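Q:
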Amino acid sequence: MVDFWAEWCGPCKALSPALEAAAAARAGKIELAKVDTDANQQLAALYRIQGIPSVKVFRDGEVVDEFTGALPPARVEAFFDKFVASRADELLAAGDELSLREAAELEPLRADVAVALAKARLERGAEDEALDAVSGHEADFGAAGIAARVRLSQAGLGTGAFAALDRGERDDALDGLIETLGELPHDGEPLDGGLSAAEARDLLRRAVVGILDDADPADPTSRSYRRKLAAALG
């Protein structure tokens with residue numbers, strides 16, 4: 003990553019600390035170089051520098067991305083993350099619960115990390131801890147699906163389907179949840195687990211959508227289950 007700058011440029015001096023901090027946090031993964039455009043006018047002309055600060059990213063000698071102007075630190079970090087995995091990304095890739103917990107602490111707003119942590123906790127039967135992991139991520143389909151699973155399981159609904167899901171039998175799990183959905187009464191009587199039929203219906207819908215959120219939207223099997231869900235909701 004090359005920072006084209008000049009001594010007289012105020013925005014350059016504002017940007018420089020953010021660039022240096024982001025590069026230091028990714029030491030050994032990306033190299034930050036600085037080019038004084040006044041002292042290297044031919045180089046600046048070669049790369050068509052028309053305004054500074056100008057930052058260009060090179061890979062194998064070719065420019066692969068760039069921006070001009072002083073960005074705030076958060077946007078600089080996001081720009082670096084396009085090319086270098088963050089610490090949270092590395093921990094997410096590791097996949098064990100301890101790593102995922104650290105990733106969630108580093109980036110608590112990331113729903114993908116929260117969902118992965120919740121799944122790891124479900125693997126050891128820690129439903130309440132799984133629910134805590136996805137708390138605050140209700141807008142994410144995967145997170146909402148896990149929260150729904152926990153509530154359904156605690157009410158005694160869909161336990162067989164979730165056991166199938168844990169065995170890797172996704173289609174059997176979906177069939178079981180959709181079948182349970184179709185068997186719900188339509189009156190207002192509470193179910194044995196304390197949920198109303200309407201609450202159970204919504205939770206089952208969320209659980210199915212959460213499972214399908216992991217699948218390729220173009221997968222014909224997933225499209226088939228979305229149609230089955232729509233039909234069961236009627």
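Residue numbers (this note's numbering): 3 to 236.
Glycine residues also receive a C-beta, built at the ideal position from the N, C-alpha and C atoms.
All figures in this text were calculated on a predicted structure; none of them were measured in a lab.
On the premise that Trp7 lies in contact with Pro74, defined as a C-beta separation below 8 angstroms, what is that separation, rounded to the nearest angstrom?
A: Here residue 74 is taken as the residue at index 72 of the sequence shown, counted from 1. Here residue 7 is taken as the residue at index 5 of the sequence shown, counted from 1. So it is not a contact: roughly 17 angstroms between Cβ atoms.
Q: Under 8 angstroms by Cβ, that's how I've got Leu214 and Arg203 pegged, so tell me the actual separation to the nearest angstrom.
A: Taking the first residue of the sequence shown as 1, we reach residue 214 at position 212. Taking the first residue of the sequence shown as 1, we reach residue 203 at position 201. With a Cβ gap of about 17 angstroms, Leu214 and Arg203 do not count as contacting.
Q: On a Cα-Cα basis, can you pick out the residue from Ala47, Asp218 and Leu21 that is closest to Thr39?
A: Residue 39 sits at position 37 when you count from the first residue of the sequence shown. Taking Thr39 as reference, the option from Ala47, Asp218 and Leu21 with the minimal CA-CA separation is Ala47.
Q: Restricting to Cα atoms, I'd like to know which of Met3, Val78, Ala72 and Leu119 is closest to Ala95.
A: Counting from one through the sequence shown, the residue named residue 95 turns up at place 93. Here the closest residue by C-alpha is Leu119.
Q: Check the DSSP bridge columns for Asp67 and list the partner residues they point to.
A: The residue labelled residue 67 in the question sits at position 65 within the sequence shown. Paired residues: Val59.
Q: Exposed or buried, what is Arg208 when buried is set at 16 or more other beta-carbons lying within 10 Å of its beta-carbon?
A: As a position in the sequence shown, residue 208 is number 206, starting the count at 1. Classification for Arg208: buried.
Q: Please state if the CB of Ala157 and the CB of Asp194 are separated by a distance shorter than 9 angstroms.
A: Here residue 194 refers to the residue found at position 192 when the sequence shown is read from its first residue. Here residue 157 refers to the residue found at position 155 when the sequence shown is read from its first residue. Against a cut-off of 9 angstroms, the Cβ pair of Ala157 and Asp194 comes out as a contact.
Q: Hey, how far is the Cα of Ile32 from the Cα of Ala233?
A: Here residue 32 corresponds to residue number 30 of the sequence shown, with the count starting at 1. Here residue 233 corresponds to residue number 231 of the sequence shown, with the count starting at 1. Straight-line Cα distance between these residues: approximately 51 angstroms.
Q: What residues are listed by DSSP as bridge partners for Phe6?
A: Stepping through the sequence shown from its first residue, residue 6 is reached at position 4. Answer is Val37 and Ser56.
Q: Measure the CB-CB distance between Leu17 and Ala72 and report whether it falls below 9 angstroms.
A: Position 15 of the sequence shown holds residue 17. Position 70 of the sequence shown holds residue 72. Against a cut-off of 9 angstroms, the Cβ pair of Ala72 and Leu17 comes out as a contact.
Q: With H, G and I counted as helix, E and B as strand and the rest as coil, what does DSSP make of Glu242?
A: For residue 242 there is no data in the structure shown, the boundaries of the chain being 3 and 236.
Q: If you reduce the DSSP assignment to three classes, tell me which class Arg112 lands in.
A: Taking the first residue of the sequence shown as position 1, residue 112 is located at position 110. Arg112 falls in the coil class under three-state DSSP.
Q: Of the choices Val152, Ile51, Glu107 and Arg103, whose alpha-carbon is the least far from that of Leu124?
A: Here residue 124 corresponds to residue number 122 of the sequence shown, with the count starting at 1. It is Val152 whose Cα lies nearest to the Cα of Leu124.
Q: Compute the Euclidean distance between the alpha carbons of Gly53 and Ala80, then round it to the nearest angstrom.
A: Within the sequence shown, numbered from 1, the residue matching residue 53 stands at position 51. Within the sequence shown, numbered from 1, the residue matching residue 80 stands at position 78. Distance between the alpha carbons of Gly53 and Ala80 is about 22 angstroms.
Q: The alpha helix (DSSP H) spanning Ile180 covers which residue range?
A: Counting from 1 along the sequence shown, the entry for residue 180 is found at position 178. Note, Ile180: alpha helix (DSSP H), Arg172 to Glu185.
Q: If you check the beta carbons only, do His139 and Ala113 fall under 9 angstroms apart?
A: Working through the sequence shown from its first residue, we reach residue 139 at position 137. Working through the sequence shown from its first residue, we reach residue 113 at position 111. Contact flag set, yes.
Q: With a threshold of 16 other CB atoms inside 10 Å of the CB of Leu65, please say whether the residue is buried or exposed.
A: The residue you call residue 65 lines up with position 63 of the sequence shown. One point to set straight first is that residue 65 is Val, not Leu, in the sequence displayed. The residue is exposed, with fewer than 16 neighbouring Cβ atoms inside 10 Å.
Q: State the DSSP-derived secondary structure class of Val17, mapped to helix, strand or coil.
A: Taking the first residue of the sequence shown as 1, we reach residue 17 at position 15. Position check: residue 17 holds Leu in this sequence, whereas Val was assumed. Helix at Leu17.
Q: Identify, in the order they occur along the chain, each residue of the same chain with its Cβ nearer than 6 angstroms to the Cβ of Ala175, setting aside the five sequence neighbours on each side.
A: Looking up residue 175 in the sequence shown gives position 173. For Ala175, where only same-chain residues beyond five positions count, the Cβ hits under 6 angstroms are Ala163, Ala166 and Leu167.
Q: Hey, Gly97 and Gly147: beta-carbon distance below 9 angstroms or not?
A: As a first step, residue 97 is located in the sequence shown; it is residue number 95 there, counting from the start. As a first step, residue 147 is located in the sequence shown; it is residue number 145 there, counting from the start. Cβ atoms of Gly97 and Gly147: not closer than 9 angstroms.
Q: If you run the structure through DSSP and keep just helix, strand and coil, what is Leu159?
A: Here residue 159 refers to the residue found at position 157 when the sequence shown is read from its first residue. The answer is coil: DSSP assigns Leu159 none of H, G, I, E or B.
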